[in-house]
Structures are given as structure tokens and as C-alpha cells.
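Trainee: A single structure is presented below for examination.
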Amino acid sequence: MALALSDIPEDLQLRILSFLSPTEICSFACTSKRFASLCREDRKIWHVMCDRRWGKKTQIQKWGNGRIAYKLLYRTLKRLENLIGFWRLCGRANPADSSPPLVFFEWGSSFVLGSRVLATNDDTYRVRKTPFLVLGISPEGRTENFLDLDVNHRSGVPVDLSELERSSLVPVDVNFMGNGHIMVEENPCFFRDELKSPVCKGSSSGDDEESEDVVSEMYTQLANRTSPGGDKRRKRKKEKERQARIKWEPEHFIKVSDFSPTLAKPLQGLWKGFCEGRNLELYLVKYDEVGGVICKKVEDLSLSRQTSPVFWTPNHAFIRSPFSVEEELILDSRIHITPLRGEVHEQVISGML
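Have a look at this one:
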């Protein structure tokens with residue numbers, strides 16, 4: 001005999017409701033006072049929704065040090081989920097003066113971590129991931145993204161966002177510009193907003209030191225040419241900032257949506273190989289509109305100018321065994337991924353990294 005939803009234990013009700021979208025949850029809450037009360041409890045319905053969708057990928061109770069509402073966490077994780085996977089740099093004028101062209105975003109314990117992917121240049125197929133960008137959320141519910149400008153001299157990115165704020169990492173904004181396109185740019189207002197936050201919270205006791213900092217910041221911002229020493233202070237501040245570092249220029253990234261092969265397109269995806277020298281290169285193989293296969297270096301795809309492909313062929317028939325001695329030698333000396341049984345993305349990522 002079928003049971004009404006109201007007769008099912010609450011934990012099962014929440015598990016069933018977790019498959020609904022936020023809009024559907026709001027509509028369902030209007031059906032009765034009991035369900036409205038159930039859907040209003042943040043640590044019930046929204047916790048279950050976050051846990052079902054991302055519980056196996058990240059530790060949801062650690063985001064924001066466990067002090068943010070799960071409804072806010074749901075919106076945050078849904079937005080950050082679009083970052084997971086491979087992205088390539090675009091719009092570079094000179095590849096020698098810029099960052100590696102390929103990056104990979106993955107889930108961390110309480111953040112999303114972006115790493116630059118580059119070859120080890122030791123005559124092997126090995127590549128390494130160098131963390132350079134971490135995205136998280138503060139206990140106050142504010143988005144916090146930090147960029148590591150010195151990735152080549154840093155062993156790794158700290159996993160605690162409170163440690164990141166005290167480090168020399170640069171706060172940045174990660175802006176989505178349509179589907180599959182993001183821009184990473186420096187956020188000069190981050191620390192200014194930090195100074196404003198105690199006032200916004202309306203704190204009145206035990207915050208004397210913070211209030212003094214806010215007053216000092218206000219005085220600095222309001223100092224003008226007529227105030228005694230105001231011009232000298234501004235010049236000294238600008239000189240210190242200039243000597244500290246050069247402003248980081250924004251970077252644009254395009255998502256590599258077809259980074260793994262499929263049963264219909266077995267050659268598609270990111271590949272590693274040696275071409276025109278001893279250095280390992282990263283390649284992107286795609287199927288074009290007429291059924292041909294085109295291969296380009298990932299580095300060339302990141303340039304602002306048009307470049308020639310490594311190869312293009314309308315005929316992509318596979319070579320079947322038995323192979324020649326030369327082909328067997330090449331085949332045995334290479335690293336392979338597990339043959340496809342379906343849409344196996346994790347194995348492809350492991351083979352790439």
C-alpha cells in the first residue's frame with residue numbers, strides 16, 4: 001500500500017526533497033504549514049540538499065568554518081561547480097611572458113583549488129599541478145578568492161582561508177562572462193571592505209582597536225591636498241605599493257568542455273606528446289564540423305593571433321594489430337589510459353595528470 005509523504009519518516013522526506021530544485025522547494029513549501037516549517041529549517045532541508053549533491057566531493061561542514069547558512073552554501077557551491085575541470089588561457093600576446101596555458105580546477109576540503117598544469121621537461125610524460133588560485137567563503141558569508149603570484153617558489157597553497165588572509169597572496173575576483181568563459185582580476189577593494197565590516201555589523205563593545213583602524217582608514221581616504229602632510233602621505237603610500245609589486249593583469253580562461261574521449265569520438269580530448277623537439281607538449285584534439293580530426297597545441301590556442309594546427313585529417317581510421325616492429329616499440333614506450341567502457345572522465349583526468 002502506498003504511503004503519503006506526510007507518513008514517511010522525516011529523514012526520508014528530506015532525502016526525497018533533496019532531489020528538487022530550490023524553486024521547486026519553495027513551491028512545495030506552500031502546500032501545507034507542516035511542509036513550510038520543514039523547508040524553512042536551514043540545517044535540515046538545505047543541509048541535505050548540499051550533502052546529496054556535493055557531500056562526496058567536499059566537506060560541506062567546513063566551508064566558512066561551519067558558520068554560514070546551508071542555503072547560502074548551496075548557492076555558492078552551485079556557482080563554483082561550473083569551474084570544475086580543465087580551462088585554457090586565452091588572449092595572450094606573448095607566450096614567453098605569461099603563465100602556463102592550461103589550468104585545472106578541483107574540489108578541496110573547504111574550497112575549490114585551481115592549479116596550473118605544466119610539463120616537467122625531464123624527457124618523460126609526467127606533468128605537475130602547481131596550485132595558484134583558491135576560492136572559498138568566509139564565516140561572514142563573503143566570497144574570498146586568493147591568487148598566488150609566486151607559484152614557482154611556494155610548496156603549496158594553505159588550506160585555511162584565515163591563513164590566506166594573513167599571507168602575501170593577492171585577493172582576486174573570478175567573474176563568469178557567459179558559459180565557459182571566466183576572467184580573473186585583482187580585487188583592490190578586498191582589504192578596504194575588511195576594514196568596513198566591523199561598522200557594518202554594528203559592533204559596539206570590545207572593538208576599540210578595530211574602530212581605531214576604521215577611523216585611521218577614513219582619515220587616510222579623506223586626506224586631501226589642503227591637509228597638512230596629506231600629499232606626502234599619499235606619495236609615500238603609492239611609492240611603497242609600487243616597490244612592493246607590479247599590479248597583476250587580468251587573465252581570461254575558456255573552459256575545455258571536450259577534454260575527454262567518448263565512445264562516439266575516441267580521439268577527442270587533451271593529450272600529451274613530443275613534437276618538434278624533446279620538450280613535452282600538451283595538445284587538444286577535436287572533431288570538426290565535417291567529421292575530420294584537428295589537433296592544436298594548447299599553448300597556441302591561448303594566443304590572441306591565429307595559428308596553424310599540428311595536423312588535420314579527414315580520415316581517422318584506427319591502425320589495427322598486428323603492428324609493425326616500429327609501431328610496437330612506440331606503443332610499448334608510451335603511457336596509456338584504461339580503455340573506455342563508457343563516459344569515464346576520472347580515468348582520463350588521471351591519465352592526463
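Per UniProt numbering, residue 1 is the first one in the sequence shown, and the count goes up by one each step. Note that beta-carbon positions come from the ideal geometry of N, C-alpha and C, so glycine has one too.
1) Kindly indicate the opening and closing residues of the beta strand (DSSP E) around V172.
2) Can you tell me which of the three DSSP states D11 falls into?
3) Is it true that the stretch 171 to 189 meets the stretch 246 to 258, where meeting means three or more beta-carbon pairs spaced less than 8 Å apart?
4) Put E299 into one of helix, strand or coil per three-state DSSP.
5) By the 10 Å Cβ neighbour count, where 16 or more other Cβ atoms means buried, how is G66 classified, buried or exposed?
6) What did DSSP end up calling H252 once you bin it into helix, strand or coil?
7) In angstroms with no decimal places, state the Cα-to-Cα distance between L282 and G269.
8) Using DSSP bridges, identify the partner residues of Y287.
9) Count the other C-beta atoms from every protein chain shown that fall within 10 angstroms of the C-beta of F146, then say buried if there are 16 or more, exposed otherwise.
10) Do you know offhand how far L89's Cα is from S302's?
11) Kindly list the residues whose CB is nearer than 6 Å to the CB of L102, restricted to its own chain and excluding five residues on each side of it in sequence; keep chain order.
12) Per DSSP, what kind of secondary structure is K201 in: helix, strand or coil?
13) Just mark E10 as buried or exposed, buried being the case when its beta carbon has 16 or more other beta carbons within 10 Å.
14) Is I137 near W107, with beta carbons less than 8 Å apart?
15) Tell me whether D122 is buried or exposed, calling it buried when 16 or more other Cβ atoms sit within 10 Å of its Cβ.
16) Should H316 go down as buried or exposed, given a rule of 16 or more other Cβ atoms within 10 Å for buried?
17) Let me make sure I understand the geometry here. Which of N279, K272, Y287, F274 has the alpha-carbon closest to that of T262?
18) Starting from P22, follow the alpha helix (DSSP H) in both directions and report where the run begins and ends.
19) Just checking my contact of L80 with L135 at CB under 8 Å: how many whole Å lie between their CB atoms?
20) May I ask which residues mark the beginning and end of the alpha helix (DSSP H) holding L77?
21) Got a sec? Which residues, its chain only, sit under 6 Å from I100 by beta carbon, not counting five neighbours each side?
22) Could you check which residue in E289, W312, K265, V290 has the C-alpha nearest to that of K296?
23) Identify the continuous alpha helix (DSSP H) that holds K56 and give its terminal residues.
24) List the DSSP bridge partners of E106.
Mentor: Let me spell this out:
1) 170 to 176
2) helix
3) yes
4) helix
5) exposed
6) strand
7) 11 Å
8) V293
9) buried
10) 5 Å
11) R88, V117, L282, V298
12) In this prediction, K201 has a pLDDT of 38, which is less than 50 and means its spatial position is unreliable; what the coordinates show is noted afterwards. DSSP places K201 in helix when its eight states are reduced to three.
13) exposed
14) no
15) exposed
16) exposed
17) Y287
18) 22 to 29
19) 6 Å
20) 70 to 81
21) Note that residue 100 is Pro in the sequence shown here, rather than Ile. Correct list, in chain order: R116, L118.
22) W312
23) Here K56 belongs to no alpha helix (DSSP H), and DSSP marks it neither H nor E.
24) L113
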